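Protein sequence lines correspond, in order, to chains Z and V. According to my numbering, the residues represented by the first sequence are 1 to 258, in order. According to my numbering, the residues represented by the second sequence are 259 to 773, in order. Report on one structure; see the data block that follows.
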Amino acid sequence: MNLIRARFRQGMRTMAWPDGPASLPSRFRGRPVLDQSRCIDGCRACADACPTGAVHGAPLRMDLGACLFCPACAEACPTGAIQFSSDFRLAASARQDLQLSGEAPASTDADAETRRLAVALPAATRRLFGRSLKLRQVSAGGCNGCEADLNVTGIVVFDLGRFGVQFVASPRHADGIVVTGPVTANMEQALRDTWEAVPSPRLLIAVGACALSGGPFIGSAPCGAGVPSDLHVDLFVPGCPPHPLTFLDGILRMLGRL
Amino acid sequence: MKLANPKSFHNGQAVAIFDVASVAPRALRDLVVNSCSHGGRLCGLFTLPGRPGTLDLVALIAHDSEGRLSMLKAGVAQGGRYPSLTAELPSAHALERAIWESDGLQPDGHPWLKPLRRHPALEPAGAAETGDPVGRNQGAGAAGGRDHPFFRMDGPGVHEVAVGPVHAGIIEPGHFRFQCSGETVHHLEIHLGYQHRGAEALLRDSSPARRLAVAETLAGDTSIGHGIACCRAMESLAGIEVPEQALWLRAVALELERLANHVGDLGALCNDVGYLPGASWFGRLRGEFLNAQMEICGSRFGRGLLVFGGVRFGVSPELRHDLLGRLAIARRDLDDVASVTFESPSVLGRFEHSGIVSRQAAEDIGMVGPAARASGCTRDVRCDHPLGAFVDWGLSSAVETAGDVLARARVRWVEVKRSLEFVLARLAALPDGPLVVPMPQPRPGAVVGVLVEGWRGEICHVVATGDDGQIVAYRVFDPSLHNWFGLTLAMRGTPISDFPLCNKSFNLSYAGHDL
Ligand code: SF4
Chain Z
1 MNLIRARFRQ
11 GMRTMAWPDG
21 PASLPSRFRG
31 RPVLDQSRCI
41 DGCRACADAC
51 PTGAVHGAPL
61 RMDLGACLFC
71 PACAEACPTG
81 AIQFSSDFRL
91 AASARQDLQL
101 SGEAPASTDA
111 DAETRRLAVA
121 LPAATRRLFG
131 RSLKLRQVSA
141 GGCNGCEADL
151 NVTGIVVFDL
161 GRFGVQFVAS
171 PRHADGIVVT
181 GPVTANMEQA
191 LRDTWEAVPS
201 PRLLIAVGAC
211 ALSGGPFIGS
221 APCGAGVPSD
231 LHVDLFVPGC
241 PPHPLTFLDG
251 ILRMLGRL
Chain V
259 MKLANPKSFH
269 NGQAVAIFDV
279 ASVAPRALRD
289 LVVNSCSHGG
299 RLCGLFTLPG
309 RPGTLDLVAL
319 IAHDSEGRLS
329 MLKAGVAQGG
339 RYPSLTAELP
349 SAHALERAIW
359 ESDGLQPDGH
369 PWLKPLRRHP
379 ALEPAGAAET
389 GDPVGRNQGA
399 GAAGGRDHPF
409 FRMDGPGVHE
419 VAVGPVHAGI
429 IEPGHFRFQC
439 SGETVHHLEI
449 HLGYQHRGAE
459 ALLRDSSPAR
469 RLAVAETLAG
479 DTSIGHGIAC
489 CRAMESLAGI
499 EVPEQALWLR
509 AVALELERLA
519 NHVGDLGALC
529 NDVGYLPGAS
539 WFGRLRGEFL
549 NAQMEICGSR
559 FGRGLLVFGG
569 VRFGVSPELR
579 HDLLGRLAIA
589 RRDLDDVASV
599 TFESPSVLGR
609 FEHSGIVSRQ
619 AAEDIGMVGP
629 AARASGCTRD
639 VRCDHPLGAF
649 VDWGLSSAVE
659 TAGDVLARAR
669 VRWVEVKRSL
679 EFVLARLAAL
689 PDGPLVVPMP
699 QPRPGAVVGV
709 LVEGWRGEIC
719 HVVATGDDGQ
729 IVAYRVFDPS
739 LHNWFGLTLA
749 MRGTPISDFP
759 LCNKSFNLSY
769 AGHDL
């Protein structure tokens, strides 16, 4: 009886997105908007404040792949040339699409902005993975931030399964792997072994600042700078960690479903 | 033997390095062992730079009943030896292994000396900071796990099961080696280090902005816990007091972090015994606390909230009203889920008597946090060494005695209820005033030890400055470092099929251990 009462109270909790809107709090920090026209000559306040060297002043540029989405640069800027919007759509298909420039503020050119988002896989690959995609996760030095927010895509609120996407236990059953962490020296071999165990065609998805650039651990001796450069990455998901919606948005765009 | 009058100080109080009592290495061992048999607890054992050609071996001891800490040091020649503490004080075993492999000091008489975090076979020659204590150059090819000198059993019917480093599920990497006969596990050896990112060196050498970013990602599910420890250490060295409102908001964030993780763990435990209503409802409710964290600071993990000198974000009256309303609903829903879960015979049947750790064992190996409290140890930094907004909470620690999975689940549930009351009360009565004060340079020649009760247990950061005020050492002791061996003990005589459940009941950090 108690169980039934509890079931009623708990209700149905899966979010409306992607058919309806996603609600995020006003302090959520998504895609940064840069406006170099506001920069003061010779100012490097943003670059000095950035923990990972993701921001460069003069000309104003930012590598979203190294950004931790802390507000340090926006806070340091005396003129408001950097602002974090609440746009959670950040995933890209090419690493260079994550290099933002302040010369043409993205907000004034909606088209340019869309072009930076992840694009759909070729039709032939989409035919294979579009309705059923099985992924294996490999944490290679991840702090358990990215891992925790990947895990959460499986709960009732985000319900990854409703899109036909599922995390599986064996690389042999997987269509691709999701890598987190800066790829420590002690995990590189295991990462490569796992990748080799996935049958082709296969996808590699890099999640989090660590996997994209080294993140907070950029330049540390026992780490790499994320996924080794000889492995081809199909989807880059920025954030530290990326919001679960950022990951879902990237996956659905890659599958041509958004 | 009485402790040779070591100066004691309170949690988070910086002291001059030359004030730390200096003794001979043998005396250090005897004094620490003695102190720990009279109510002391070894929080950290580490090295600091000593006189030229030497390292200072330093012990940080907590005297829980007095609410004081003390430190002792002994000079040891670089690459030299000292008498090991481990044989008499098992809680030192991992700490001494870490010193041996990264600082090159040899603990004479250590019964279990082998790499802790480093995988010698995987490292390029010359990668070690000092010498070659772990025998990197003595042959051994292939991957680390395969060369590690694992404990092995022989005999009829004995077999070995190896798991990891890559596991089934979205989880950090580590290697588990079981010695079994049939279903029964006789010994489990846990070999970690796959996550080693060089965090302590980064914390020592980085700019302040990056130092805090690294602290927040030492164990990513404990960003606030490690972040507060880092802030408090640096603020104490700089000699500043953080405004009251900031201390309250930090405490609220720390408890929201505990709520999210404890509730998530309860869901995961339900999942591991196939109780799906508990798994999905606790799983959803965990999100309520992460979302509350995000409302306050923009990150589900509380990242960006802390700055040296205070906090970045306040809570407006509207936000406070909104949070209080949402948390009150979460409290009602949690009560519903917990009552059906803890009444379910199928849950109780699986939790009870699984993975027992005795109180004696927990004391011996220096366990901390909910896992220690589930075995009857009372230790809780928020009660014994409170700082900031915890000072006048009057919390009593949540203690169970059975030491099994059920006890570890119950301790979490009691802590969930208490933390939720604390958060509601503190949010409702937030003081006014500034959120942050300017941060001066750290003072020279000082050392500080900070304890914070993270959701997994005691987080300890030790930071020391040199004569010019530069950071010369930054040491981190995550609760997982003390508790992984508890999982080993919980598995003794337990069916191997219970491993996932036992593992989840500890839910330890790999990254926090490996640094
Ligand atoms: S990107 Fe951030 S959250 Fe993800 S593993 Fe790295 S430090 Fe952790």
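Here a beta-carbon is modelled for each residue, glycine too, at the ideal position from N, C-alpha and C. These figures come from a predicted structure and were not determined experimentally.
What's the call for Pro-122 of chain Z, buried or exposed, on a 16-neighbour Cβ count within 10 Å?
exposed
I'd like to know if Asp-594 of chain V contacts chain Z, where contact means its C-beta is closer than 8 Å to some C-beta of that chain.
Closer than 8 Å: yes.
With contact counted as at least three CB pairs below 8 Å, one residue from each stretch, are the region 607-620 of chain V and the region 752-760 of chain V in contact?
yes
Short CB-CB distance (under 8 Å) between Gln-453 of chain V and chain Z
yes
Any heavy atom of the ligand SF4 inside 7 Å of the beta-carbon of Cys-50 of chain Z?
no
Min CB distance Asn-761 of chain V to chain Z below 8 Å
With its beta carbon at least 8 Å from every one in chain Z, Asn-761 of chain V lies outside the interface.
Between V:Leu-592, V:Gly-724, V:Ser-633 and V:Leu-745, which has its C-alpha nearest Lys-675 of chain V's C-alpha?
V:Leu-592
Taking the alpha carbon of Ser-132 of chain Z as the reference point, which residue from Z:Val-119, Z:Gly-164 and Z:Gly-145 has its own alpha carbon closest?
Z:Gly-164
What are the boundary residues of the alpha helix (DSSP H) that includes Gln-551 of chain V?
534-555
Rounded to a whole number of angstroms, what is the C-alpha to C-alpha distance between Glu-658 of chain V and Ala-630 of chain V?
9 Å
Would the region 170-177 of chain Z count as touching the region 30-37 of chain Z if we require 3 or more Cβ pairs under 8 Å?
No: the two stretches stay apart, fewer than three of their Cβ pairs being nearer than 8 Å.
Alpha-carbon to alpha-carbon, Val-706 of chain V and Cys-489 of chain V
12 Å
Cβ closer than 8 Å: which chain V residues qualify as neighbours of Asp-149 of chain Z?
Those are Arg-558, listed as they occur along chain V.
Just mark Phe-409 of chain V as buried or exposed, buried being the case when its beta carbon has 16 or more other beta carbons within 10 Å.
By the Cβ-count criterion, Phe-409 of chain V is exposed, with fewer than 16 other Cβ atoms from all chains shown falling within 10 Å of its own Cβ.
What does DSSP give as the partner residue(s) for Pro-348 of chain V in the beta ladder?
Pro-348 of chain V is not bridged by DSSP to any residue.
Starting from the C-beta of Gly-403 of chain V, find all residues in its chain whose C-beta is less than 7 Å away, skip the five residues before and the five after it, and write them out in chain order.
Unreliable positioning characterises Gly-403 of chain V in this predicted model, as indicated by a pLDDT of 47, which lies under 50. The coordinate reading is nonetheless provided below. Here the set comprises Pro-423, His-433 and His-449.
Counting contacts by CB-CB distance shorter than 8 Å, is Cys-240 of chain Z in contact with chain V?
yes
For a test of the three-state rule: what should DSSP assign to Ala-386 of chain V, helix, strand or coil?
Annotation note: pLDDT 45 at Ala-386 of chain V (below 50); position unreliable, no value reported.
Rounding to the nearest angstrom, what Cα-Cα distance links Thr-180 of chain Z and Ala-206 of chain Z in this structure?
Ala-206 of chain Z has its alpha-carbon roughly 6 Å from the corresponding atom of Thr-180 of chain Z.
Can you confirm whether the region 686-693 of chain V touches the region 441-459 of chain V when touching is taken to mean that 3 or more C-beta pairs between the two stretches lie within less than 8 Å?
no
Hey, does Gln-137 of chain Z have any beta-carbon neighbour from chain C nearer than 8 Å?
No chain C appears in this structure, whose protein chains are Z and V.
For Tyr-732 of chain V, list the residues DSSP reports as bridge partners.
By DSSP's assignment, Tyr-732 of chain V forms a beta bridge with V:Val-721.
The ligand SF4 site residues, beta-carbon cut 6 Å against heavy atoms
Z:Gly-142, Z:Cys-143, Z:Gly-145, Z:Cys-146, Z:Thr-180, Z:Gly-181, Z:Gly-208, Z:Ala-209, Z:Cys-210, Z:Gly-215, Z:Pro-216, Z:Cys-240, Z:Pro-241, V:Thr-475 and V:Gly-478
Just the Cα atoms here: how many angstroms apart are Ala-385 of chain V and Gly-224 of chain Z?
Confidence is the limiting factor: at Ala-385 of chain V the pLDDT is only 45, short of 50, which leaves the residue's position unreliable and the question unanswerable from this model.
Taking any Cβ of chain V, which residues in the region 43-72 of chain Z have a Cβ under 8 Å from it, in chain order?
Ala-49, Cys-50, Pro-51, Thr-52, Leu-68, Phe-69, Cys-70, Pro-71 and Ala-72
What does Leu-460 of chain V touch in chain Z if you count any residue whose Cβ is under 9 Å from its own?
Pro-216, Phe-217, Gly-219 and Ser-220
From the beta carbon of Gln-10 of chain Z, is the nearest beta carbon of chain V less than 8 Å away?
yes
Those residues which DSSP pairs with Phe-304 of chain V across a bridge:
V:Val-316
Would you say Ala-647 of chain V lies against chain Z (beta-carbon separation less than 8 Å)?
Nearest CB-CB separation between Ala-647 of chain V and chain Z: not below the 8 Å threshold.
Cα-Cα separation, Ile-754 of chain V to Gly-311 of chain V
C-alpha separation (whole angstroms): 49 Å.
Nearest-angstrom Cα separation, counted from His-740 of chain V out to Leu-606 of chain V
28 Å
Evaluate Ile-4 of chain Z with the Cβ neighbour count: other Cβ atoms within 10 Å of its Cβ, from every protein chain shown; 16 or more gives buried, anything less gives exposed.
exposed
Can you tell me whether DSSP reads Ser-328 of chain V as helix, strand or coil?
strand
Determine, for Phe-547 of chain V, whether the minimum Cβ-Cβ distance to residues of chain Z falls below 8 Å.
No, Phe-547 of chain V does not count as interfacial toward chain Z.
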